[in-house]
Amino acid sequence: KGQIGEVHQLLDEIEAIGLHMDLVAYSILIHGYCKLGEIERALQVCQMMCSKQVMPNSFTHGAILSGLCKKGMLEEARWYLDNLASNGQMVDIILYNIVIDGYAKIGDVDGALELYEQILKLGLSPTIVTYNTLIFAFCKIGKLTVAEHFLRQIELNGLNPTVVTYTTLMDAFVGAGNTDSMLRMFDEMIEKATMPNVITYSVVMKGLCKQGRLQKAIDILKYMHMAGICADQITYNTLIQGFCEVRNIEMAFRIHDEMLQHNLMPTPVTYNLLINILCLKGKVDYAEQFLNSLLDKGVRLR
RNA sequence: GAGCCAGCA
């Protein structure tokens with residue numbers, strides 16, 4: 001939750017009682033700092049634990065690697081990873097996955113592939129997460145054919161595609177304007193008895209909206225309720241975005257209302273969409289009124 | 001008791 005103040009209080013308390021932080025506790029702390037983007041602090045904690053003879057393990061290194069990757073510091077992450085390996089430490093597949101994902105996120109498929117090959121050379125077994133990440137990497141740069149090739153590779157390697165595998169590909173197809181292939185993937189997933197989740201359905205809805213099949217998208221939402229899959233804020237935002245695209249203020253707000261009825265707090269994205277469509281329709285005064293009502297309620301707008 | 005992958009303006 002990013003409540004670092006509370007954490008410091010606890011640390012003081014731990015010390016006051018005379019307890020000692022152990023490996024898990026330190027790793028969690030390091031993970032927390034990395035999530036906040038405070039790599040410096042994380043590394044300091046890592047140094048401190050070492051000085052207390054508590055040696056980092058793979059979880060600890062994983063936290064640091066994700067932190068570096070999230071900051072886009074791939075050079076550093078790569079250096080860190082290579083160092084672990086050359087120091088004879090056991091580098092497990094998860095650490096590779098983390099850095100491969102780092103490359104994927106910045107669109108560096110070569111970096112990702114290089115590590116993938118290193119994994120194979122070391123005799124480590126790629127996991128489904130490795131493949132999902134590689135698929136994401138290729139989707140990200142628009143090489144959907146290669147991405148789909150990896151889907152087949154997964155099965156050849158005796159692994160099972162997961163909901164993440166399919167959803168990643170589906171989203172890429174939607175992004176490429178190929179809703180038919182998205183639906184083809186969806187069917188394949190169902191055939192393989194893989195359960196779609198809220199993210200999968202949101203992607204399906206995004207594709208349908210993009211094709212202007214808004215009623216179909218609403219049908220999906222209804223189906224989700226029936227199937228007991230809770231739509232979340234992103235699901236609703238996706239639908240609202242669909243209606244904004246066709247300038248249907250009425251429906252956009254109706255979905256917003258439905259969101260509230262389901263006890264989901266609209267997000268800043270929701271409000272941006274609604275205010276934007278009001279403006280686009282020339283109802284700037286209305287938009288301002290809406291905005292002011294939000295400000296009065298003290299709603300978080302970013 | 002802790003670590004990796006997918007969706008919204």
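Residue 49 in the numbering used here is what sits at position 49 of the first sequence, and the numbering runs on without skipping anything. From the three backbone atoms N, C-alpha and C, an ideal C-beta is built for every residue, glycine too.
{"Item": "Spatial neighbours of V54 in its chain, beta-carbon cut-off 8 Å, leaving aside the 5 residues before and after", "Value": "M21, D22, L23 and Y26"}
{"Item": "Alpha carbon of I229 to alpha carbon of Q261, nearest angstrom", "Value": "16 Å"}
{"Item": "Run of the alpha helix (DSSP H) containing T60, from where it starts to where it stops", "Value": "S58 to K70"}
{"Item": "M170 and G207 closer than 9 Å at C-beta", "Value": "yes"}
{"Item": "Stretch-stretch touch, CB-based, cutoff 8 Å, three pairs: the segment 43-53 with the segment 76-85", "Value": "no"}
{"Item": "Closest by C-alpha distance to R247, when choosing among T194, M259, G212 and I199", "Value": "G212"}
{"Item": "Neighbour-count burial assignment, Q289, 16 or more Cβ in a 10 Å radius", "Value": "exposed"}
{"Item": "Inter-stretch contact at 8 Å, needing at least 3 Cβ pairs: the segment 128-147 / the segment 106-113", "Value": "yes"}
{"Item": "Whole-Å CB distance - L301 paired with P266, under 8 Å assumed", "Value": "Not quite, the Cβ-Cβ distance comes to about 10 Å (not below 8 Å), so this is no contact."}
{"Item": "Residues near I199 in its chain [Cβ-Cβ closer than 7 Å; skip 5 each side]", "Value": "T167"}
{"Item": "Inter-residue Cα distance where the pair is K192 and E245", "Value": "34 Å"}
{"Item": "Beta strand (DSSP E) segments (min. 3 residues) lying fully within the segment 9-95", "Value": "none"}
{"Item": "Continuous alpha helix (DSSP H) stretch holding R184: start and end", "Value": "T179 to E191"}
{"Item": "Through-space distance from L36 to I30, alpha-carbon basis", "Value": "10 Å"}
{"Item": "With 16 other Cβ atoms within 10 Å as the buried cut-off, status of N97", "Value": "buried"}
{"Item": "For V164, three-class secondary structure by DSSP", "Value": "helix"}
{"Item": "Reduced DSSP secondary structure (H/G/I, E/B, other) of D232", "Value": "coil"}
{"Item": "Contacts around D232, its chain only, beta-carbon distance under 6 Å, and the 5 residues preceding and following it disregarded", "Value": "V198"}
{"Item": "C69 beta carbon less than 9 Å from that of D101", "Value": "yes"}
{"Item": "Cβ-based neighbour list, T145, same chain, cut-off 6 Å, excluding 5 preceding and 5 following", "Value": "none"}
{"Item": "Euclidean distance between Cα positions of G62 and S86", "Value": "17 Å"}
{"Item": "Member of Q89, I39 and H256 whose CA lies at the smallest distance from the CA of K71", "Value": "I39"}
{"Item": "R213 - DSSP class collapsed to helix/strand/coil", "Value": "coil"}
{"Item": "Outcome for K16 when other beta-carbon atoms lying within 10 angstroms are tallied against a minimum of 16", "Value": "In the sequence as displayed, the identity of residue 16 is Ala instead of Lys. With fewer than 16 Cβ atoms within 10 Å of its Cβ, A16 is classed as exposed."}
{"Item": "Any non-hydrogen atom of the ligand ADP within 8 Å of G2 CB", "Value": "Annotation note on the ligand ADP: not contained in the displayed structure, which lists no ligands."}
{"Item": "Three-state class that DSSP yields for L301 in the structure shown", "Value": "coil"}
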